[in-house]
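Working notes for the structure below.
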Amino acid sequence: MTRDFYEFLYRPGQELQMVGIVIGIWLIVSHLIAVWKFDELKPMLAKLPRNYNFGVVLFTVCMIWTLAVWSEMDLGEFHAAEKKVQVILVVGGALVAYFVRDFLAVRAIGFFLILLASPILISAFLEPPRTRLLLVILAYAMVIKGMFWVGKPYLLRDQIAWATADKKRWQIACGAGAVYGVLILLCAVLFWDKEAAPDPF
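Here the sequence shown stands for residues 1 to 201, where the numbers follow the numbering used here.
Set out below in structure tokens:
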């Protein structure tokens, strides 16, 4: 089971077009919903950074993901340490979830973004369309944000407060995300098919 999961996310030659379509649709839909449901989402987002239950669930997902990757990747000369590190991951993850309660949700979101960036980068690796850099930029932005949110989780709380303090500001931010999703979706459909014409950039 973990092998299938690993191969699905990390196999070389991941289809760029499919990844682009999924990411593009996700960005468009999520940001449009965020604009439409602003009044309902605002109080939920304000509570999100200290939502311990959500943090435990997402952190558990991230730890299972990490454990699956470690268990299936080629460790080379470190293969002898595989079982020991598996135990450390399980015990360490449980201790973090129990003792690091403050802003666990934010740390888990950052952890998840870092994990998610890798399959996106793999799909764009050495692919010819220059517009694939839209995915690369997104992935590195996810990694950078993820690292800051893991190390300084109060930043997400402050960012949410700033973005939701003014409805117009929220609409501009969500609109930018939706536009970026449209760009990715259009490039995926028009240029990222292996038989499509080269992109004009």
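All C-beta atoms, glycine included, are put in the ideal place defined by N, C-alpha and C.
Predicted, not measured: the structure shown is a model, and the values here were computed from it.
Checking 8 Å against the spacing of the C-beta atoms, do residue 189 and residue 120 come in under that value? no
Considering only residues of the stretch 75-117, which uninterrupted alpha helix (DSSP H) runs meet the minimum length of 4 residues and lie entirely inside it, listed in chain order? 82-99
Own chain residues within Cβ distance below 6 Å of residue 101, not counting five before or after: 52
Whole angstroms are fine: how far does the CA of residue 74 sit from the CA of residue 84? Inter-residue distance for residue 84 and residue 74 is about 16 Å (C-alpha atoms, whole angstroms).
Mind pulling the alpha helix (DSSP H) runs of 4 or more residues that sit fully within the stretch 7-61? 16-36 and 38-47
Would you call the stretch 145-155 in contact with the stretch 102-115, where contact means no fewer than 3 C-beta pairs closer than 8 Å? yes
Which residues in the same chain as residue 70 place their Cβ atom closer than 8 Å to its Cβ, once the five residues preceding and following it in sequence are excluded? Same-chain partners within the cutoff: 82, 85, 86 and 89.
On the DSSP letters alone, give me the boundaries of the alpha helix (DSSP H) that residue 164 sits inside. Residue 164 -> alpha helix (DSSP H) spans 154-164.
Leaving out five residues before and five after residue 32 in sequence, what residues of the same chain have Cβ atoms less than 7 Å from its Cβ? Contacts found: 178.
How big is the Cα-Cα spacing for residue 57 and residue 127? 35 Å
With C-beta atoms as the reference, is residue 2 less than 8 Å away from residue 68? yes
CA-to-CA distance, residue 80 to residue 35, given in whole angstroms: 51 Å
Using a Cβ-Cβ cut-off of 7 Å (strictly less than) and excluding sequence neighbours within five positions of residue 45, which residues of its own chain qualify? 160 and 164
The alpha helix (DSSP H) spanning residue 149 covers which residue range? First-last of the alpha helix (DSSP H) with residue 149: 133-151.
Given residue 143 as reference, the closest of 54, 108 and 103 once Cα atoms are compared: 108
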